[in-house]
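Each residue of the sequence shown is one higher than the last, beginning at 4 in my numbering. We treat Cβ as the ideally placed atom computed from N, Cα and C, and that holds for glycine. Fair warning: this is a prediction, and the values are worked out from it, not measured in the lab. Some notes on the structure that comes next.
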Amino acid sequence: MSRPALLAAALAVCAAFPASGQTASDVYLVETTQDQLVRLTDLDGDGKYLSSGEVRALFYDDMLGANFSSPRSVFARMEGPKPVLYWIDTQRDLLFRATDDSGNGRIDLGEESRFRLISTFDGETSPDGLAPTADSAVWWCSDAGQALGLFRCIDLNGDGDANDAGESEKMIDGASANFVGTDLGPVPLDGAALLRLASSNNVVIAYVQGDDEALMRFERRNSDADLADPGESRLYLNAAGKSPALPQNADWANGQLRSLVLPAPGGKGFVYGKLCYLCSRDEGGVTAWYFATNQPAGFNALNTLGQAVNGLVYRGVDLNSDEDLQDAGEVRLYYDGSTTSGAPFQIDQITGLDASPEGIYVGAIDQGDAVVHRLRDTNSDGDASDAGEQTFKAFDYATFAGPSPFFIGNPWVWDIAAAPNGWLQNYFQDSGVACAPTAAKPILGFVGDTHVAHPGGIEVRVESVPGGMPAFLSMGSSTTSWFGFPLPFDLGAVGMPGCFLYQNALVQMAAVTTGVGPTGGVAKKSAVLANDPTLYGVDMPLQWIVFDVPTSSFLFSKLGVIHVLAP
């Protein structure tokens, strides 16, 4: 099929059934070299993020100097019909909430709001961990500054923030004495050392460093603002065995699982490998938890037995429903990417971890490059160690096709979050400038879902144009060349100053603007994208052109690009 025919066919009714594919989840990177959020989207359904356009900036506030944004933890969840993004800004002590209202696949300035003014209401701090719970709350933790401990906030009045009275609670005060339950009774908890969080339903798991180096389980079981009632705070997993007051997991205690005790540099004492990257997912009605070490490869990654502890990912399931992972057989090694593993795929240093239904995503640094790996237990044996169960370097900073959102130097991934393919992704992107003979310029609009065969389809529109006028949706295949002329083409050369042709105009779809007045008109075209595998990952550039009959002038919209996605 010719390219023009292919573009026209794309806007046909979908086929009766979707094609199968291995489309990967969206992955959001907390990238701290540029201090931005980056979105990885598998546009072409190959299970990787290496093709053109699959790596794009999701949020960058362009604030230079002392008040620059410094994101840390991030997650996305559905709130009603809309996906919502949350992230912690550790530089300005803020918790942000954002929605992609424009549908352009990024968070534009103004689409983010300050969900919790942490520095104003809680004090200057160093917020790190972040997790949602099923009751619509957001939990965060801090291990430095004035606001030490674990916090829970929730928007009770529906105004889009948690800054009103009664909308935030300090569940654990890190400056006070705290205790956690164990099988041997309550023991002190270092409430000032909570580092990272993960959640499942209304349960929050926290990695606590400092004196404990262990994972704790928290669940708010009544309406008071603490976690001091029976069952609300419990030791969940003690792998390192640092604190003698905390019982150690049975399999780590008996040597079945690799020791996380490391000789301290200089041979004086010991340090402990941290299972500080954590996430969860539902697996057939059972909650599985995943934990990963943060130790970098090298001599200092060897434990006291000479085994490396870098690149380790564990899976845990509470087999006896006693609300911990301390019993024999409840935790097993999911993937050994250490330098002493002998595995063909090794992981220099893990820098992020999250789970989706089709994989466990591992953010990492590999020989100085930021990468993302995907692990999948395809044979249901409880690990991802078998051949074909690893997609290494699904994203690789050193090899992905442009354009690149990294403008300073090698990116550093602080954390990652996975979300279903199609939540906050680049269905549509606009750029360039619009033109009109008056100050009012055409506004390009888009709504919908660009997965092929998605029943909701898409709608492309132009607004703020004269009513009752002929309009054309012009679609092409290139934004670089038009009949040998380079694009964009300055239409001032043909008597339309300030106007540009941005695409090579292979297909024209006619319409008539509705509405009245010089700016009250609207034109729309809607369709369901045909389920044609040759469309997967295709970029479809377009512009609206409106002819204003009374003034005999043309109005051109900005450039829009539809990113067609595999099912």
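7 Å Cβ cutoff met for residue 193 and residue 215: It is a contact, given that the beta carbons lie within the stated cut-off.
Segment contact flag, the segment 410-418 with the segment 427-447, C-beta cutoff 8 Å, min 3 pairs: no
Where the beta strand (DSSP E) containing residue 417 begins and where it ends: That run of the beta strand (DSSP E) goes 416-422.
Of the listed residues 387, 62, 160 and 106, nearest to residue 92 (C-alpha basis): 62
Residue 378 versus 344, 366, 218 and 454, residue with shortest Cα-Cα distance: 366
Selected residue, minimal CA-CA separation from residue 549, among 474, 532 and 504: When only C-alpha atoms are compared, the closest one is 474.
Extent of the continuous alpha helix (DSSP H) run through residue 123: Boundaries of the alpha helix (DSSP H) harbouring residue 123: 121-124, taken from the DSSP string.
Opening and closing residue of the alpha helix (DSSP H) in which residue 255 lies: 253-256
Separation of residue 460 from residue 57, as counted between CA atoms: 21 Å
Between the CA atoms of residue 183 and residue 45 - distance to the nearest angstrom: When rounded, the distance between both Cα atoms is 42 Å.
Cβ-based burial, residue 497 [other Cβ within 10 Å; buried from 16]: Exposed is the call here.
DSSP beta-bridge partners of residue 181: By DSSP's assignment, residue 181 forms a beta bridge with 192.
Coil, strand or helix - residue 409 by DSSP: coil
Cross-strand partners of residue 85 (DSSP beta bridge): 82
Close Cβ partners of residue 381 (< 6 Å) along its chain, the five nearest in sequence each way excluded: Correct list, in chain order: 392.
Cβ contact (3+ pairs, closer than 8 Å) linking the segment 210-228 and the segment 194-202: yes
Whole runs of the alpha helix (DSSP H) within the segment 90-141, excluding any shorter than 4 residues: 121-124
Contact under 7 Å by Cβ, residue 149 with residue 252: no
Close-in-space but distant-in-sequence residues of the same chain around residue 127 (CB under 8 Å, 5 per side omitted): 96, 148, 149 and 150
Beta-bridge pairing of residue 543 - partner residues as DSSP gives them: 565
Residue range of the beta strand (DSSP E) that includes residue 431: 431-434
Beta-carbon proximity check, residue 60 vs residue 39, cutoff 7 Å: yes
Three-state secondary structure assigned by DSSP to residue 538: helix
Simplified DSSP assignment, three categories, for residue 515: strand
Enclosing beta strand (DSSP E) for residue 26 [first to last residue]: No beta strand (DSSP E) holds residue 26; DSSP gives it neither H nor E.
Inter-stretch contact (C-beta, 8 Å, three-pair minimum) for the segment 535-547 and the segment 471-487: yes
Option nearest residue 483 by Cα separation, candidates 465, 471, 493 and 506: Nearest of 465, 471, 493 and 506 to residue 483, Cα basis: 506.
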